[in-house]
Structure formats: C-alpha cells, structure tokens
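Chains A and B supply the protein sequences, listed in that same order. Adding 18 to a residue's 1-based position in the first sequence gives its number in this note's numbering. Adding 18 to a residue's 1-based position in the second sequence gives its number in this note's numbering. All residues carry an ideal CB built from backbone N, CA and C; glycine is no exception. Values in this document were obtained by computation on a predicted structure and should not be read as measured data.
Protein chains: 2
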Amino acid sequence: MQLRQVVLTGDRPTGRLHLGHYVGSLKNRVALQAQHDCFVMIADTQALTDNFDDPKRITESVVGVCKDYLAVGIDPMKSTVFIQSMVPELFELTSYFLNLVSVARLERNPTVKSELQQKGFADSITAGFLCYPVSQAADITAFKATLVPVGDDQLPLIEVTNEIVRRFNRIYCKEVLVEAEAVLSNIRRLVGIDGQTKACKSLGNAIFLSDPSEVIRQKINSMYTDPNHVKVSDPGRVEGNVVFAYLDAFLDDKSELDDLKSRYRRGGLGDTVIKSILNDAVQALLAPIRDRMELVKDDDIKDMLREGSERARTVATHTVSEVRDAIGFGYDNCKT
Amino acid sequence: MQLRQVVLTGDRPTGRLHLGHYVGSLKNRVALQAQHDCFVMIADTQALTDNFDDPKRITESVVGVCKDYLAVGIDPMKSTVFIQSMVPELFELTSYFLNLVSVARLERNPTVKSELQQKGFADSITAGFLCYPVSQAADITAFKATLVPVGDDQLPLIEVTNEIVRRFNRIYCKEVLVEAEAVLSNIRRLVGIDGQTKACKSLGNAIFLSDPSEVIRQKINSMYTDPNHVKVSDPGRVEGNVVFAYLDAFLDDKSELDDLKSRYRRGGLGDTVIKSILNDAVQALLAPIRDRMELVKDDDIKDMLREGSERARTVATHTVSEVRDAIGFGYDNCKT
C-alpha cells in the first residue's frame with residue numbers, strides 16, 4: 019500500500035451518519051484521502067434496491083450525509099464525492115457485467131443471504147437486490163479502484179467484483195479492468211447502544227454525528243452495561259458491556275482503559291462513572307465535528323456534489339469507452 | 019389501432035435476416051411505419067446476454083441487418099432505426115426496473131424458461147439472461163411504445179413489461195410510463211427448411227434475404243416434403259410438408275394453392291413441380307429485395323444509424339428524466 023492508489027468507498031444515503039460509520043469508515047477515509055485518490059460515492063441507486071418503495075428516505079438523506087462528510091473532514095479538494103445516479107455510466111457497466119455472473123453465484127453470496135434474512139424478504143427478493151453486488155462491481159471498476167475499505171461481512175462482495183474483472187479481461191482479451199483489494203477496518207463493527215445488534219440507522223440505536231450534546235448524554239446514559247452489576251461494589255463484566263465496547267473505540271488512553279476494566283471487573287466502579295468517562299470522550303470527539311457541521315453551507319454541498327459528480331463521470335466515461343471497445347460496441351461511425 | 023401510435027420492434031443482430039423474419043415481422047413493419055411512429059432497435063445489448071463470449075457475432079452482424087432492413091423497405095424517413103447500446107439511457111431504466119420485479123417472477127417466465135432449455139444452460143443461467151425481460155421493458159417504455167409486434171411465444175415478455183409499468187406508476191405516484199399492447203403476427207412462425215424446428219439463423223436452416231438466386235433454388239430443392247410420397251403418383255401429405263408450409267406463406271394466389279394441395283393429396287403432383295412453384299414465388303419476392311440490397315451504400319447505413327440513434331436517444335432521455343423526477347433522483351442542483 020505504498021504507491022498512490024485509487025480508493026472507492028461510500029454510503030447508502032438512508033439517514034444521517036453515526037459513530038458506527040465514524041469508527042468503521044469515516045475516520046479511515048479522512049486518513050486515506052491524504053495518500054490516495056479517493057472516490058466517495060453516495061449510493062442512491064444501491065439504496066433504492068431495498069428502499070425502492072420509499073425513495074424519499076434516500077433523496078432526503080443526501081444533504082445530511084454530505085454535511086456529515088464535510089464535518090468529519092472529508093475534503094472535496096482531496097476526495098471526489100459524488101452521487102451514484104449522477105454517473106449513469108455505472109448503469110451501463112452493470113448491464114455488461116450481469117452477463118458475467120450466474121444467478122446461482124449471486125444467490126450463494128453470503129452478504130446478500132444474510133441481508134435478505136435481516137430484511138425478511140427472502141421469498142420476494144427483487145432482481146435489483148439480487149444483482150446489487152454486480153452494480154457494486156461496476157462502481158468499483160468504473161474508477162479502477164484498487165483499494166476498497168469494507169467490513170469483514172462485505173468481503174464476498176469484493177470477491178464477486180474480482181471474479182467479474184478476471185472474466186471480463188479474459189473473455190474480451192483486454193486488460194481493461196483491474197482487481198480491487200479489500201481494506202479491512204481496524205475497528206470491529208460498533209454495537210448499537212442497546213447492545214443487541216450493530217449500530218444501525220434503521221434500528222434507531224445509534225449515536226449520530228449530528229446529535230446535540232444533550233441527546234448524546236441521554237443515549238450514553240441509556241446504554242446497557244452488565245445486568246448483574248447492580249451495586250457499585252459488585253464485580254462487573256466488561257465483555258458484552260456496551261459502555262466498554264464504546265470505550266474501546268473512543269477512549270484514546272489505553273492504559274486508562276485497562277485500568278478502568280480491571281477496576282470494573284473487581285467491583286467498586288459504578289456505571290455512572292464509566293458512562294461519564296465515555297460521555298466526555300464522545301463529546302470531545304463530536305463537539306468539533308458538530309461545530310464544523312454548523313458552518314457547512316448549502317452551496318458547499320452543491321459545489322462538492324456538482325464538481326465531484328462531474329469528475330467521477332469523466333473517469334467512468336473513460337472506462338466505459340474502454341469496455342465498449344473491448345466488447346466491440348464502439349460503433350465510432352454512429353457516434354453523435 | 020386507429021390513432022397514430024408508437025411501435026417498438028427490432029432484432030438481435032446475430033446474423034443476416036431470413037424469410038422467417040420477413041413473414042414474421044419485417045413485412046409487418048413496413049406496413050406499420052406508414053401509419054405509426056416506429057422505433058426499430060438493433061438489440062446488440064440483448065444479443066450479448068446469450069452471446070457475451072462471442073461479441074463479434076453481434077458487432078459483425080449489424081451492417082448486414084441494416085442492409086436487410088433497407089432492402090425490404092424499412093424507410094429511415096419513417097422509422098427510427100437505432101442501435102440499443104447507443105442509447106445508454108436504456109441501461110439506466112433497466113436498473114430502476116430491476117427493483118420492481120422479483121427473481122421468482124423472472125424465473126417463472128415461460129419465454130425465458132423455454133429459451134434456457136433450447137440453449138441448454140439452465141444450470142448456469144447468467145444474471146443478464148434472467149433479467150433480459152427487464153431490459154426489454156426498458157426498451158419498450160423508454161419510447162412509450164403502445165404497440166409491440168411479437169410472436170405468440172413472446173407474450174409473457176409484454177406481460178412483465180406491463181406489470182413493471184403499473185408498479186412503477188403506482189409506487190412513484192406518477193403516470194410516467196405507458197402500457198404496451200402486443201400485436202401478434204398473422205403468419206405463424208416459419209419452419210426451417212429441414213422441417214425440424216423454426217427457421218433460425220443459428221441452425222443454418224433458413225433462406226436468407228441475401229441468399230443468391232442459385233442458393234435459394236438449392237435450399238428449396240433440399241426441403242423435406244413427405245417421406246412416403248416416393249413416386250409422383252403416390253398420394254402425399256400436405257401437413258408437416260415443408261414445401262407447403264412455405265407455399266402457405268409465399269404463394270399469393272390462394273386458389274392456386276388450394277388446387278395444388280388437393281392434387282398433391284390425391285397423387286399425381288410431383289415434389290419437383292411444387293418446389294419449382296415455390297422457387298418461382300420466393301425468387302419473385304427476393305429478387306427486388308436483393309436488387310435494392312446491392313444499391314445500399316455504407317454511408318446510407320451510417321446515416322440511418324447515426325440519425326436514428328440520436329433521435330431515439332432524445333426520446334429516451336426525456337423518459338429517463340421523467341422517471342428520475344418521479345423517483346426523486348432529479349438533483350437539479352448538481353447537474354452538470
């Protein structure tokens with residue numbers, strides 16, 4: 019990972035971004051943009067695959083997501099932030115790639131399988147949802163991304179992409195597309211404040227980057243700890259304790275963290291204290307982000323998206339043109 | 019069918035066109051273009067779904083198909099002839115529509131099912147092939163076609179299209195898309211000259227519009243008749259007799275045809291005679307077509323495709339823009 023590489027990353031715009039996004043990807047992106055060419059995609063088309071009957075949820079989230087991006091430090095001078103549907107060349111690539119993947123292969127995809135179970139529409143799965151890994155392969159290859167930051171549950175998606183890349187280059191006898199490498203996030207997926215599942219916009223169990231200070235405090239106070247840790251003097255469990263899961267992610271001083279853990283295990287450290295420490299850490303992290311968020315102007319967002327989508331489109335158009343030439347769909351004589 | 023309507027029709031470019039195309043669709047198209055707005059699509063992208071590993075077969079067929087079109091009388095002043103992949107808006111519509119059809123629905127499609135059997139890749143069906151009815155729905159709706167000439171085996175495809183249309187308009191609360199009506203061809207599908215199957219480019223059992231006179235004569239001479247009709251004096255069967263199937267399609271004088279059939283059934287009419295009559299009819303039909311074919315210049319084809327694809331793109335772009343607005347993917351502020 020020494021040379022300058024191309025990174026593709028992004029989010030489905032289905033609500034504001036939260037601490038799970040921050041530790042899982044946003045923080046990493048801000049670091050990556052200093053070294054690499056980053057394309058940050060607001061995946062409205064992909065979000066449509068499981069929100070096709072509620073497109074407002076998507077379109078009304080775009081501006082908020084952009085605010086979050088700018089506030090955490092994604093810099094439009096360094097990263098190309100764009101809206102997926104504003105780069106229609108991605109639709110074309112998807113169509114070509116659909117011929118290179120069997121239905122059986124898509125149905126076997128573990129990521130799709132588990133998402134289907136989670137969403138409970140295994141029986142009525144739409145063609146769009148089944149095929150979204152192919153559209154993702156189009157997103158990655160359109161920009162010739164070589165690094166794709168993902169969670170470990172998304173590794174099978176990168177595999178599908180690379181299978182398509184190899185198949186395309188072999189069948190059409192041109193090294194047009196490049197394989198991508200998954201970059202795993204250092205931080206494991208952040209649990210929800212209810213401790214039940216991962217922090218998730220749709221489950222309402224997340225601390226949003228845009229939450230006011232008081233809301234953050236309330237959410238932290240409501241966090242599950244150890245149900246058997248009733249009195250302060252009781253020994254407590256650190257494992258499966260939501261507050262410690264968050265402290266792991268947000269307390270920078272690791273020796274302080276180790277100290278807290280042993281005191282909690284021994285007994286004598288109250289939930290109020292650890293929640294207060296967590297609150298301080300999260301408030302310290304989010305206060306400057308919230309401050310920057312307030313300075314973001316509508317025009318900043320418009321400019322970022324207009325320029326980003328234009329830049330992304332230029333790159334994708336170039337790739338599509340190479341792809342067409344490889345297939346033989348050049349038809350130079352008919353071009354308008 | 020009184021008012022001027024929009025017709026979408028076309029062919030997968032996988033070889034020259036033959037008599038089966040002529041009676042099944044080309045003749046009808048020439049009639050339709052006088053009354054209606056006809057869009058004639060050279061479906062290269064669709065052809066790719068089952069020829070993705072042999073794209074040359076497609077790209078090398080485009081010019082020939084255009085020659086055949088011009089020779090039979092498709093008039094670029096009346097019909098908009100275009101190449102599917104030159105109208106990339108169709109890819110975008112396909113992506114949105116994929117969310118409106120379940121995988122189960124596509125797998126149940128009888129047309130797709132029987133094509134899969136025919137091609138023998140039921141187990142390794144690609145996502146592109148499974149989804150081609152959705153891409154066809156995009157083709158039809160992009161031009162707001164209300165009439166689609168089809169063979170009866172393609173009726174399920176029009177059903178899928180209309181389901182998508184109704185679903186789209188209902189979910190996005192706008193009457194953007196219009197339903198299409200299937201126009202069934204008068205002539206049943208023409209059998210191959212081997213009598214085994216339908217006339218089919220890939221089976222090499224067809225008389226091509228571009229076949230030289232002598233080749234036509236040879237192909238007609240090689241046609242299966244009635245294997246039990248050994249001597250001229252033997253009674254012969256008309257049903258299942260390839261020569262009579264072709265006479266049904268190409269002999270304009272129906273009383274002469276009835277007369278031939280009864281004489282053949284009685285015995286006393288030789289295969290050589292009926293083949294010679296068929297040869298005269300087919301030669302009379304194809305000679306002027308072949309003459310016109312020789313007059314077609316490369317520039318005529320280029321002009322037709324350039325202007326046609328441009329015109330088609332204008333219409334499709336308008337529809338896509340309405341579709342985006344209905345979904346909410348307008349993002350006017352970000353447009354470049």
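Thinking C-alpha only, which one of A/R342, A/G346, A/I319 is nearest A/M95? Along the first sequence, one-based indexing puts residue 95 of chain A at 77. Of the residues A/R342, A/G346, A/I319, the one whose Cα lies closest to the Cα of A/M95 is A/I319.
Under 8 Å, with one C-beta from each stretch per pair, do the segment 66-78 of chain A and the segment 29-37 of chain A reach the 3-pair mark? The answer is yes - the segment 29-37 of chain A touches the segment 66-78 of chain A, with three or more Cβ pairs under 8 Å.
Tell me, to the nearest whole angstrom, how far the beta carbon of B/Y114 is from that of B/V341; I am working on the premise that it is less than 8 Å. Reading the second sequence from its first residue, position 96 is the one you call residue 114 of chain B. Reading the second sequence from its first residue, position 323 is the one you call residue 341 of chain B. Under the criterion of beta carbons closer than 8 Å, B/Y114 and B/V341 qualify as touching, at roughly 6 Å.
Return yes when the Cβ of A/L208 is within less than 8 Å of the Cβ of A/G42, no when it is not. Within the first sequence, residue 42 of chain A is the residue found at index 24, counting from 1. Within the first sequence, residue 208 of chain A is the residue found at index 190, counting from 1. The answer is yes: Cβ separation under 8 Å.
Considering only C-alpha positions, which residue in the set A/E197, A/I307, A/R235, A/T112 is nearest to B/C149? As a first step, residue 149 of chain B is located in the second sequence; it is residue number 131 there, counting from the start. Comparing Cα positions, the closest option is A/T112.
Are the C-beta atoms of A/N117 and some chain B residue less than 8 Å apart? If you number the first sequence from 1, residue 117 of chain A lands on position 99. At least one CB of chain B lies nearer than 8 Å to the CB of A/N117.
Can you list the residues of chain A that B/T77 reaches, using a CB-CB cut of under 9 Å? In the second sequence, residue 77 of chain B corresponds to position 59, counting from 1. Near B/T77 (Cβ distances below 9 Å), the residues of chain A are I345, G346, F347, G348, Y349.
Cβ neighbours of A/V333 in the same chain (closer than 6 Å, five flanking residues each side left out): Numbered from 1 along the first sequence, position 315 holds the residue referred to as residue 333 of chain A. By the criterion of a C-beta distance shorter than 6 Å, A/V333 is surrounded in its chain by F161, once the five residues flanking it on both sides are discounted.
Spatial distance of A/H36 from A/Y87 (CA atoms): As a working note, residue 36 of chain A is residue 18 in the first sequence. As a working note, residue 87 of chain A is residue 69 in the first sequence. Going by the C-alpha atoms only, they are around 11 Å apart.
Say whether chain B places a C-beta atom closer than 8 Å to the C-beta of A/F109. On the first sequence, position 91 is the one that residue 109 of chain A refers to. By this cut-off, A/F109 is an interface position.
Roughly how many angstroms lie between the CA atoms of A/V233 and A/L227, to the nearest whole one? On the first sequence, position 215 is the one that residue 233 of chain A refers to. On the first sequence, position 209 is the one that residue 227 of chain A refers to. Looking at the two C-alpha atoms, the distance is approximately 11 Å.
Across the segment 278-292 of chain B and the segment 302-321 of chain B, are there enough close Cβ pairs to call them in contact, namely three or more that are closer than 8 Å? Contact check between the segment 278-292 of chain B and the segment 302-321 of chain B: fewer than three CB pairs, one atom from each, fall below 8 Å, which does not count as touching.
Separation of A/L26 from A/H54, as counted between CA atoms: Start at 1 with the first residue of the first sequence, and residue 54 of chain A comes out as number 36. Start at 1 with the first residue of the first sequence, and residue 26 of chain A comes out as number 8. Straight-line Cα distance between these residues: approximately 10 Å.
What's the C-alpha gap between A/E328 and B/R331? Working through the first sequence from its first residue, we reach residue 328 of chain A at position 310. Working through the second sequence from its first residue, we reach residue 331 of chain B at position 313. When rounded, the distance between both Cα atoms is 21 Å.
Contact set for A/S240: own chain, Cβ-Cβ below 7 Å, skip 5 residues either direction: As a working note, residue 240 of chain A is residue 222 in the first sequence. Excluding sequence positions up to five before and after A/S240, its CB lies within less than 7 Å of the CB of I211, all in the same chain and listed in chain order.
Could you round the C-beta distance between B/V196 and B/T164 to whole angstroms and report it? I think they count as a contact, below 8 Å. The count along the second sequence starts at 1 and reaches residue 196 of chain B at position 178. The count along the second sequence starts at 1 and reaches residue 164 of chain B at position 146. With 8 Å as the limit, B/V196 and B/T164 qualify as a contact, their Cβ atoms being about 6 Å apart.
Classification of A/S153 by the beta-carbon crowding that lies within 10 angstroms, buried from 16 upward: Counting from one through the first sequence, the residue named residue 153 of chain A turns up at place 135. A/S153 is buried by the Cβ-count criterion.
If I follow the unbroken alpha helix (DSSP H) through B/A302, where does it start and stop? One-based indexing of the second sequence puts residue 302 of chain B at position 284. Per DSSP, the continuous alpha helix (DSSP H) segment holding B/A302 begins and ends at 289-313.
Does any residue of chain B have a CB that is nearer than 8 Å to the CB of A/T337? Indexing the first sequence from 1 puts residue 337 of chain A at position 319. Taking Cβ atoms only, chain B never reaches closer than 8 Å to A/T337, which makes this a no.
Only counting the same chain, and skipping five residues up and downstream in sequence, which positions put a Cβ closer than 7 Å to that of B/V256? On the second sequence, residue 256 of chain B is found 238 positions in, with the first residue counted as 1. Only F262, K279, Y282, R283 meet the Cβ criterion.
Closest Cα partner of B/H247 within the set B/G285, B/D229, B/D271, B/A267: If you number the second sequence from 1, residue 247 of chain B lands on position 229. Per the Cα distances, B/G285.
Measure the beta-carbon distance from A/I60 to A/L118 and round it to whole angstroms, keeping in mind my assumption that it falls under 8 Å. For the purposes of this step, residue 60 of chain A is taken as the residue at position 42 of the first sequence. For the purposes of this step, residue 118 of chain A is taken as the residue at position 100 of the first sequence. Actually they are not in contact, since the Cβ atoms of A/I60 and A/L118 sit about 26 Å apart, beyond 8 Å.
Minimum Cβ-Cβ distance from A/C84 to chain B less than 8 Å: For the purposes of this step, residue 84 of chain A is identified with residue 66 of the first sequence, where counting begins at 1. Taking Cβ atoms only, chain B never reaches closer than 8 Å to A/C84, which makes this a no.
Under 7 Å, CB to CB, which of the residues in the segment 174-196 of chain A have a partner in chain B? The segment 174-196 of chain A vs chain B, Cβ under 7 Å: I189.
Please compile the residues from chain B whose C-beta is within a distance smaller than 7 Å of the C-beta of A/S142. As a position in the first sequence, residue 142 of chain A is number 124, starting the count at 1. Within chain B, the C-beta atoms nearer than 7 Å to that of A/S142 come from S120, in chain order.
Residue-chain proximity (B/G8, chain A), Cβ-Cβ < 8 Å: Look at the range of chain B in this structure, 19 to 354, and you will see that residue 8 of chain B is not part of it.
Cα-Cα, which of B/V105, B/D157, B/D229, B/V178 is closest to B/E325? Residue 325 of chain B sits at position 307 when you count from the first residue of the second sequence. For the residues B/V105, B/D157, B/D229, B/V178, the minimum Cα distance to B/E325 belongs to B/V105.
For B/L26, the three-state DSSP class (helix, strand or coil): Here residue 26 of chain B refers to the residue found at position 8 when the second sequence is read from its first residue. DSSP places B/L26 in strand when its eight states are reduced to three.
Pick from A/T335, A/D62, A/N127, A/V300 that is closest to A/D171, judged by C-alpha positions: Locating residue 171 of chain A in the first sequence gives position 153, counting from the first residue. Ranking the options by Cα distance to A/D171, first place goes to A/N127.
List, in chain order, every chain A residue whose beta-carbon is nearer than 8 Å to that of B/T32. As a working mapping, residue 32 of chain B is identified with position 14 in the second sequence. Those do not exist, as B/T32 stays about 13 Å from chain A at its closest Cβ, beyond 8 Å.
Quick check on A/K74 - is its C-beta less than 8 Å from some C-beta in chain B? Taking the first sequence and counting its residues from 1, one reaches residue 74 of chain A at position 56. Residue-level contact by beta carbon holds for A/K74 and chain B, with a gap shorter than 8 Å.
Buried versus exposed call for A/T354 [16 or more other C-beta atoms within 10 Å across all chains shown]: The count along the first sequence starts at 1 and reaches residue 354 of chain A at position 336. Its pLDDT being 45, under 50, A/T354 is placed unreliably by the model, and nothing is read from it.
Quick one: is A/F57 near chain B, going by C-beta distance under 8 Å? Residue mapping note: residue 57 of chain A aligns to position 39 of the first sequence, counting from 1. So no, A/F57 is outside the interface.
To test your reading of the DSSP string, which unbroken beta strand (DSSP E) runs of 3 or more residues are found completely within the segment 30-118 of chain B? Counting only runs of 3 or more residues that sit fully inside the segment 30-118 of chain B, the beta strand (DSSP E) segments are 55-60, 97-101, in chain order.
With which residues is A/F226 paired in a DSSP beta bridge? What you label residue 226 of chain A is simply residue 208 of the first sequence in a count that begins at 1. Answer is A/H36.
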